[in-house]
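Encoded as structure tokens, the structure appears first; notes follow it.
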Amino acid sequence: MGCILKQGGGLYTRVRVGAVLLAAGQGQRMGNIPKSLIELGGVPLINRQLIALSGGGVDEVVVVTGFYHEQIEPLVEQFPVRVVRNPHPEEGQASSVRLGIEALGEAFDAVIMALADQPLINAEDVAQLIVAFKKRPAGEIVMPVVDGKRGNPIILSGKALKDILESGQNMVCRKFMDQNPDLVHPFETPNQHFILDLDEPQDIEKFEANTGWKLTLPKVKSALDESSNQPVPAYLALQKLLNT
Numbered sequence: 375m376g377c378i379l380k381q382g383g384g385l386y387t388r389v390r391v392g393a394v395l396l397a398a399g400q401g402q403r404m405g406n407i408p409k410s411l412i413e414l415g416g417v418p419l420i421n422r423q424l425i426a427l428s429g430g431g432v433d434e435v436v437v438v439t440g441f442y443h444e445q446i447e448p449l450v451e452q453f454p455v456r457v458v459r460n461p462h463p464e465e466g467q468a469s470s471v472r473l474g475i476e477a478l479g480e481a482f483d484a485v486i487m488a489l490a491d492q493p494l495i496n497a498e499d500v501a502q503l504i505v506a507f508k509k510r511p512a513g514e515i516v517m518p519v520v521d522g523k524r525g526n527p528i529i530l531s532g533k534a535l536k537d538i539l540e541s542g543q544n545m546v547c548r549k550f551m552d553q554n555p556d557l558v559h560p561f562e563t564p565n566q567h568f569i570l571d572l573d574e575p576q577d578i579e580k581f582e583a584n585t586g587w588k589l590t591l592p593k594v595k596s597a598l599d600e601s602s603n604q605p606v607p608a609y610l611a612l613q614k615l616l617n618t
């Protein structure tokens, strides 16, 4: 088996790495907008994730869409990735995780489970996660931990993914890790990128205050009231928050 040189840190065994990028959510807590289409520096977050995964050493990516697939998929298709549409995204993240894993197949030593709403994840972060997986002393899952907080993305072995699939339709990665803590190796790091995500408007406000970066909301049909074709109150409130 070949070896590669990573980040000036020595020689590690070559592993084939896949990734599942989850972008199927409704974004209810964010005013019913696709968080993956929020822009940072003029670039949608989902594009930033794909650039990071590619540059960080991932061999193949499956993107799972669902809600807002009409807006998301045209952006994704410019990348050499496979797109899988969840026909029932309302069933929750477990259904998207399963679709992504099944689409990726079993040809990978490790798989990164990535979220499309982490603004600052970059190629170096992904490379660090892969190195942490290679260097782990034990376990089947590597999870970044920053100041005691769980982070994302995580990286799982092929065995862990098989066990998740065999555990039933409602099994998600977090639930599996909670039930099997002995399989989880914490990757202790000061890198704040791993714990920065956008779940609700307050997260945007906090992100901009702490980083100095400005985020731009996407213009999507879900933010419009069908009777008046005007932005719904939640979206207006979010715009107001961003503009103050």
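If you're matching positions, the sequence shown starts at 375 in this note's numbering and goes up one per residue.
Quick reminder that beta carbons are idealized off the backbone N, C-alpha and C, glycines included.
Note that the structure is a prediction, hence the values are computed from the model and not measured.
Contacting residues, own chain, Cβ-Cβ under 7 Å from residue i (five flanking each side not counted)
i    : result
A534 : E514, I515 and L557
E582 : K588 and L589
Q467 : L396 and V546
L473 : V438, V458 and N460
L570 : Q492, P493, L494 and F581
Residue burial classification, residue i (beta-carbon count within 10 angstroms, cutoff 16)
i    : result
R388 : exposed
K508 : buried
P418 : buried
G525 : buried
D552 : exposed
G430 : buried
A426 : buried
V394 : buried
Which residues DSSP lists as bridging residue i, in chain order
i    : result
T590 : E413
E434 : G392
K523 : V520
L427 : DSSP output for L427 lists no bridge partner at all.
Three-way DSSP call (helix, strand, coil) for residue i in this model
i    : result
E562 : strand
R390 : coil
A397 : strand
I486 : strand
M545 : coil
R325 : No answer is possible for residue 325: the residues shown for the chain start at 375 and end at 618.
6 Å CB neighbourhood of residue i in its chain, flanking five on each side removed
i    : result
A398 : V438, T439, G440, N460, P463 and S470
G392 : E434, L478, F482 and V485
I529 : A484, I486, L503, F507 and V516
A497 : A426, G429 and G430
D499 : H567
query = Between the region 489 to 496 and the region 420 to 440, are three or more C-beta pairs nearer than 8 Å?
reply = yes
query = Taking one C-beta from the region 460 to 479 and one from the region 409 to 418 each time, how about it: are there three or more such pairs within less than 8 Å?
reply = no
task = Flag this pair as touching only if the region 518 to 538 and the region 557 to 566 have three or more C-beta atom pairs under 8 Å; answer yes or no.
result = yes
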